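Listed in order, the protein sequences are those of chains C and H. The working numbering puts the first residue of the first sequence at 1, with every later residue one more than the last. The working numbering puts the first residue of the second sequence at 432, with every later residue one more than the last.
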Amino acid sequence: MKNNPSEGIQTLTIISELCTGCMKCVRGCPVEAMRFRDGLPFVKWEKCIHCGECIKACDAIQPLTTSFLELSRFKYTIAIPSPAFVGQFEKHITPSHTFFALKSFGFDDVVNLAPFCSAYFKAVKFIVAESDIPKPVISSMCPVVVSLIQTKYPSLIEHLLPIMPPRQLAAKQVIDSLVKEGVYKKEEIGVIYITPCISKMIEVKEFSEESYIHGAIAIKHIYNEILKKIKPSEKMDIGNSLYGFRQAVAGGLTDIIGEENVLVVSGIKNLKKVFDDIEMGKVRKISFVDTYACSEGCIGGTLTVDDVYIARQKILSLFSKRKSDEEEEKLVEIYLKNRFNPVKRWGTKKREKSLSLGVKLVTMKDELLKRLPKIDCGLCGAPTCEAFAEDVIEGEADERDCIFDMIKHKEIKAEEFLLRWKKRGGKDEAE
Amino acid sequence: MEREFEVEGGDFANAGSASAKVKEIVKSIGFSPEAVRRIAICSYEAEVNIVLYAKRGKMKLSVYEDYAVLHVKDEGPGIEDIELAMQEGYSTATPEMRELGFGAGMGLPNIKKNSDIFTIISEPGKGTELRIMIRNEK
């Protein structure tokens, strides 16, 4: 795949042999970050929010997650299964079973994220009560949401919840205590997230002081192996705090904050609608927006196995009793003490331009758009005529790449058309 | 650069669509996030006022070197007492409008709060005209 690594973090790869040029990935991208160029999909990484919609659309696009081989560089490895992980198995297979199976897989320890999730929502209650943070406060747990806000809704950055995501706090805690014990050095410890989506790879790739996670392994990549290792008699003690696993379901933990002034939003299309409304000041009397890029929450992630609604039913019915303990209260305090800037990891993607240049570019784009057919045929390789117009203005495409422009200016021959289509990946037998 | 949008009175289903377009334009031109926020709020409040009270109206966005101007003109009943209308919480909204979540009496005060220069001209029976200037401050 062609791209420039300096433009952004890469979380997926394209298997060129599998690509037929159907453009499902280009059309499926909710932020128009994909193009078809020189016969293959091309990602504009600076626009990509790592939602994984293109992976859902086509097998030729594969996630770039951590491989087991990479783990050999650590002396001590810890797995943190995402809450979505526990919803992927039959009901009689409990988290104690699956965590045991994960451990026998070769991890030195497996951490229960549930208490961290419950405590997170308790901490939200305190943050929301603070007067200096603009309302509604928007959850910053999902990296796709943070990325979407940063690229499309920068005026809402101030609304993002300024505390660490549960997985990061859990990783930090376990690293800190191991280092304190003195047996392992910080760099010898590897924390691996068992992930339902590709977005956690942003935290892995941008490893810095802001991230404590060193790898992310896809649930669906280890699922079969886990099944083989599950034994009814062998369980791991993971404590009593399990209610927090409901975090995998959109809105599963909002009862902790009190639901009255909370909005639960999932799916990128819905998020955009709500963020548009918040920007216009249309969302009133709402103090917190619980956000998930995947429909129905993390259980809807691209890298999960089970049907999203079945997983939802399992998680909500299995973890219905809420127990609050001292441990959880301590975690709430730690959340509140460790304030955190959720956009720092991505750096600021500001493009400095003067308003007069901006006006010029927008006017040029509008003029060009008038000449384009506006039927979004995709033969130029862009998902829409508007996206194509932007590419032309940015100097990445030529107006003559539009097939309608060709027809207008000269008679285009059938061979030329075919050649063009082949260049896009069309197979010979369809001739 | 100028762009003009028509707003239909009583069209609650589409209330906010003109201001959504205004917001997209100023974003793509490169206004700062803070300026985008203020322009979005002012245009939305102005648009909702047309939908609530007027027969129809127009909202024009003009972009200059370092600021934007919203010129909003409606064919509505006009405002009897502008000073009163500018007070927070004062509203002539009907119970039906309030039922829909509008008419909290924050519209005009909100525009004033979020703009750098705000003028309002209104004559009962003729209509209302707003001029809202917002600077592109970082």
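Where a beta carbon is used, it is the ideal one built from N, C-alpha and C, also for glycine. The structure presented is a predicted model; accordingly, all values stated were derived computationally and were not measured.
For secondary structure counted as the beta strand (DSSP E) over 3 or more consecutive residues, the stretch 502-548 of chain H holds no complete run. Under the rule that a run must span 3 or more residues, the beta strand (DSSP E) segments found entirely inside the stretch 268-325 of chain C read 288-292. At a cut-off of 8 Å between beta carbons, S546 of chain H makes no contact with chain C.
A distance below 8 Å between beta-carbons, with the five flanking residues on each side excluded, links V179 of chain C to the following residues of its chain, in chain order: K185, K186 and I189. Annotation: I198 of chain C to S140 of chain C spans about 16 Å, alpha carbon to alpha carbon.
Note on E260 of chain C: under 16 other CB atoms within 10 angstroms of its CB, so exposed under the neighbour-count rule. Per DSSP, T66 of chain C has no beta-bridge partner at all.
Within chain H, the residues whose beta carbon sits less than 8 Å from that of K282 of chain C are G447 and Y475, listed in sequence order. Within the same chain, and ignoring the five residues on either side of R312 of chain C in sequence, the residues whose Cβ sits closer than 8 Å to its Cβ are G87, V249, E296, G297 and I299.
Interface flag for E279 of chain C against chain H is set, since a Cβ pair is found closer than 8 Å. Chain H has a Cβ within less than 8 Å of the Cβ of L355 of chain C.
Judged by DSSP secondary structure, L355 of chain C falls within the alpha helix (DSSP H) whose first and last residues are L355 to R371.
For D59 of chain C, the number of other beta carbons within 10 angstroms of its own is below 16, and it is reported as exposed. Of the residues assessed, E279 of chain C falls on the buried side of the cut-off, its CB having 16 or more other CB atoms within 10 angstroms.
Scanning chain C for C-beta atoms nearer than 8 Å to the C-beta of K454 of chain H yields D276, E279 and M280, reported in chain order.
One thing to note: V124 of chain C has its Cβ no nearer than 8 Å to the Cβ of F245 of chain C. Rounded to whole angstroms, the Cβ separation of L64 of chain C and I192 of chain C is 15 Å, and the two are not in contact under 8 Å. Shown here, G215 of chain C sits in a strand according to DSSP, grouped into three states.
The beta carbons of I238 of chain C and P81 of chain C sit no closer together than 8 Å. For L40 of chain C, the beta-bridge partners assigned by DSSP are C:R37. Annotation: the continuous beta strand (DSSP E) that includes R566 of chain H extends over G558 to R566. Per the coordinates, the alpha-carbon of D405 of chain C lies some 26 Å from the alpha-carbon of I456 of chain H. Inclusion of Y335 of chain C and Y153 of chain C in the CB contact set at 8 Å is not warranted, their separation being larger than that value. Burial is judged here by how many other beta carbons sit within 10 angstroms of a residue's own beta carbon; M364 of chain C has fewer than 16 and is exposed. Taken atom to atom, the span from the alpha-carbon of P41 of chain C to that of K360 of chain C is near 30 Å. DSSP places I257 of chain C in the coil class of the three-state scheme, outside both helix and strand.
Counting only residues of its own chain and dropping the five nearest sequence neighbours on each side, A57 of chain C has a CB closer than 6 Å to the CB of K24, C25 and G28.
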